[in-house]
Amino acid sequence: GNCNVPQKFITQDGKNLGTWLTYQRVNRRKGKLRKELEQKLEEVGIVWDRIESWESMVSLLLKFQKRERHCNVPLNYITRDGKKLGSWLNHQRFNRRKGKLRISREQKLDEIGIIWDNISTESWEGMYSLLLEFHKREGNCKIPQGYITQDGKKLGTWLMTQRNYRRKGKLNKDREQRLNNAGILWDSTEYWEYMYSLLLEVQEQEGNCNV
1020 GNCNVPQKFI
1030 TQDGKNLGTW
1040 LTYQRVNRRK
1050 GKLRKELEQK
1060 LEEVGIVWDR
1070 IESWESMVSL
1080 LLKFQKRERH
1090 CNVPLNYITR
1100 DGKKLGSWLN
1110 HQRFNRRKGK
1120 LRISREQKLD
1130 EIGIIWDNIS
1140 TESWEGMYSL
1150 LLEFHKREGN
1160 CKIPQGYITQ
1170 DGKKLGTWLM
1180 TQRNYRRKGK
1190 LNKDREQRLN
1200 NAGILWDSTE
1210 YWEYMYSLLL
1220 EVQEQEGNCN
1230 V
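Structure (structure tokens):
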């Protein structure tokens, strides 16, 4: 659905189409591409500036973030106008892992709130869903450290890990905001006071604190 041919793209019959298109871009930049040829290429949707193409995908990512309140785009996600945003983001992760992503682009995606390790993202999202289920059931997110879900997930330990990451400045801002929205108590003192209040309730009901 587009003409964004990779530079190394070769057709089935061995033609270096990617190199040819790069050559057209170079000629246009130098003012050597005839106007009628430039117009024909524009009619089929050529993006002359690759930066412009990258920036347009970032704009789509920002729209996704504004709508969904996170940047965890599924791999198979395609926009209404046919842009493979999920694949594009996965490609940015791949380039970063290989050391091929420009520092300026990495910084821009960092600022937006991209989580680079999409494997841990899936795991994090699963635990976050369990947290929301707990909140819906209990009316709060005050989860004991040793709490384990019915299917064996150590939700209490996971939440303590998020607190530790935040304290060390290693928690992604997007994740921190989502945990804030869920009602997480970050301060261990605040959590201790809450647990102490529960202990007092037991004492009042049972006449002792032999829990």
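Numbering (the numbering used here), first residue to last: 1020 to 1230.
The C-beta atom is built at its ideal place from N, Cα and C for all residues, glycine as well.
Comparing alpha carbon positions, the residue from H1089, I1029, K1117 and T1030 closest to D1129 is H1089. Taken through DSSP and simplified to helix, strand or coil, W1205 comes out as coil. N1091 sits buried, since 16 or more C-beta atoms from the chains shown fall within 10 Å of its C-beta. The region 1102-1119 makes no contact with the region 1053-1066, as fewer than three CB pairs between them are under 8 angstroms. In this structure, G1145 is the residue among G1033, G1145 and V1024 with its C-alpha nearest to the C-alpha of D1170. Scanning its chain for C-beta atoms nearer than 8 angstroms, with the 5 sequence neighbours on each side dropped, one finds around L1056 the residues Q1043, in chain order. Taking C-alpha positions only, S1106 is separated from E1225 by approximately 58 angstroms.
Taking 7 angstroms as the cut-off, the Cβ atoms of Y1184 and G1175 do not count as close. It is roughly 11 angstroms from the alpha-carbon of A1201 to the alpha-carbon of R1194. DSSP places F1028 in no alpha helix (DSSP H); its state is neither H nor E. When DSSP states are grouped into helix, strand and coil, Y1096 belongs to the coil group. Relative to the Cα of W1073, the nearest Cα in the group R1124, L1204 and R1086 belongs to R1124.
At a Cβ-Cβ threshold of 7 angstroms, Q1196 and M1179 do not count as neighbours.
Assigned with DSSP and collapsed to three states, L1174 falls in helix. Separation of K1051 and R1121 (C-alpha to C-alpha, rounded to the nearest whole angstrom) is 29 angstroms. DSSP places V1063 outside both helix and strand once states are collapsed to three, so it counts as coil. About 7 angstroms separates the beta carbons of I1029 and L1036, which is inside the 8 angstroms limit, making them a contact pair. The three-state secondary structure of Y1042, taken from DSSP, is helix. Residue burial annotation: N1199 is exposed, with fewer than 16 other C-beta atoms found within 10 angstroms of its C-beta.
Cα atoms of F1153 and K1173: separation of roughly 13 angstroms, rounded to the nearest angstrom.
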